[in-house]
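Take a look at the structure set out below.
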Amino acid sequence: DILLTHGPAYGIFDFCGQNAKHVGAPWGSSQELRSGIMAAKPKAHLFGHDHEQRGVWHRQGPGNPYNGGVEYSSMCRGAGAKPYVTNGPPPPNYPAQLISNNAMKNQASVDNC
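Following this line, the structure appears as structure tokens:
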């Protein structure tokens, strides 16, 4: 099964640094979506929305560790800059084997130097 949504489940590729109230706060994600994923158990979840968190987590099967992470790095951060920090791989009990944030790069609010 493949799940396609606009944004991420809570705690999955939703770390965008900080907002006005919290340092390291999730942004643009949904607790309800996370609960639905845990119940429906799709094998893949594809989404976008959080540009700074573009990347992929994948694993060979339940119980195996996730590989991957954030791939996006703003050009404003200089050549060779490391990708944005994320909140880590999904927990071991997360059902999706493939989690892909395909947000387009060149987010104006991030890349306009």
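If you count the sequence shown from 1, you need to add 1 to reach the working numbering. Beta carbons: idealized from backbone N, C-alpha and C, even for Gly. Quantities reported herein were computed from a predicted structural model and do not represent experimental measurements.
To which residues of the same chain is residue i closer than 6 Å at the C-beta, ignoring the five residues directly before and after it?
i	result
lysine 44	Asp2, Gln98
leucine 5	Leu47
proline 90	Trp58, Tyr67
For residue i, I'd like the list of residues in its chain whose CB is within less than 7 Å of its CB, leaving aside the five on either flank, ordered along the chain.
i	result
proline 93	Gly64
asparagine 102	Pro9, Phe14, Phe48, Gly49, Asp51, Gln54, Arg55, Gly56
With burial defined as no fewer than 16 other Cβ atoms inside 10 Å of the residue's Cβ, what is the status of residue i: buried or exposed?
i	result
glutamate 53	buried
histidine 46	buried
Check the DSSP bridge columns for residue i and list the partner residues they point to.
i	result
asparagine 68	His59
Alpha carbon to alpha carbon, how far is residue j from residue i? Give it in angstroms, no decimals.
i	j	result
histidine 59	valine 71	12 Å
tyrosine 95	serine 31	15 Å
histidine 50	leucine 34	14 Å
threonine 87	methionine 39	21 Å
Less than 8 Å between the CB atoms is what I'm expecting for residue i and residue j, so what's the real figure, rounded?
i	j	result
glycine 29	glycine 12	12 Å between Cβ atoms; not a contact.
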